[in-house]
Amino acid sequence: MAEVAIVASAFGAQAIWRDGHAAWSVSARRAGAQAFEVRRELMHDADAQPEALHALGTALAREGLWRVWSTPDSLYTEDGALDEAALCAAVAAGRALGARFVKLQLGGFAGEACAARLASLLEELGARTGEAGDGPRVVVENGQLEQGGKLAQFVGLFTALREAGAAAVIGMTFDIGNWQWPGEPPLLAAAALAPHVEYIHCKAVAGEGARRFAAAPGDDDTLCRAALALLPTHVPRGIEFPFDPACVAAEAAHYVEWLAAA
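Residue 106 in our numbering sits at position 106 of the sequence shown, with consecutive numbering throughout.
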């Protein structure tokens, strides 16, 4: 059985804005989740300060939940440079929260990994790189935009890191649904990137073109199950689709159980 995280947005963006992340930790724990993903884009600036993040992490830990810190910031800038400021800020926030993972978007990586600098900076920050370091583990996620959402970028990144002897410095969050926005085949991506995947976002996608949106996998959904079969079975899986607001508790418990066993 895989560990399951509930992404805060699954409870509804407006609910998180209104109540704060900690208010929904009891719901996550009662649903049977082992982890809770905190979203920077659903926080007021005051709530993202170190003391507030430490307090939030303590509250989540009291519920028995380990933490993921998610930021919409990118590891690489639009022109392909390593965004050191964004990386430093993300790791600092994750450390304050007591997070296991710190998740960023990939951004504009275009063939030059800056592998040596990335490895040395993560070491300076005390982030966990492979077996070394006691801080949070940095993972990059495939996004919904062309930039940071193409399979070739991720293959190029991990190839460059391996060739520089720094293959283990970061891992990947594999979002099953996000590949569909830039038109990439999720199963091809899963087969290619499985060795680097350390956390999985699970969601189905409804709609077409720019009108796509995240949805709960149906009983007849074969894509999520097929992707999960290609990805590591021991890594945590995150619920990143909205629960029905009319039956949040029941849906949360159902999908935690479903995803743990899928």
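From the three backbone atoms N, C-alpha and C, an ideal C-beta is built for every residue, glycine too.
Looking at Ala96, Glu41, Leu223 and Thr71, the one whose alpha-carbon comes closest to that of Leu53 is Ala96. As DSSP reads the structure, Thr173 sits in a beta bridge with Glu141 and Tyr199. The beta strand (DSSP E) runs lying completely inside the region 28 to 105 and spanning 3 residues or more are 35 to 39 and 66 to 76, given in chain order. The criterion of a C-beta distance shorter than 9 Å is satisfied by Gly12 and Pro242. Counting the other Cβ atoms within 10 Å of the Cβ of Phe213 gives fewer than 16, which makes it exposed. For Gly209, no beta strand (DSSP E) encloses it, and the DSSP letter there is neither H nor E. Inclusion of Lys150 and Gly177 in the CB contact set at 9 Å is not warranted, their separation being larger than that value. Within the same chain, Gln34 and Pro236 come within 6 Å of Glu3 by CB-CB distance, once the 5 residues on both sides are set aside.
As the crow flies, the alpha-carbon of Ala22 is around 13 Å from that of Val7.
Annotation: the continuous beta strand (DSSP E) that includes Arg237 extends over Arg237 to Ile239. For Ala5, the enclosing beta strand (DSSP E) covers residues Val4 to Val7. Around the beta-carbon of Leu188, fewer than 16 other beta-carbon atoms lie within 10 Å, marking it exposed. Fewer than three Cβ pairs drawn from the region 36 to 54 and the region 243 to 260 lie within less than 8 Å of each other, which leaves the two stretches out of contact.
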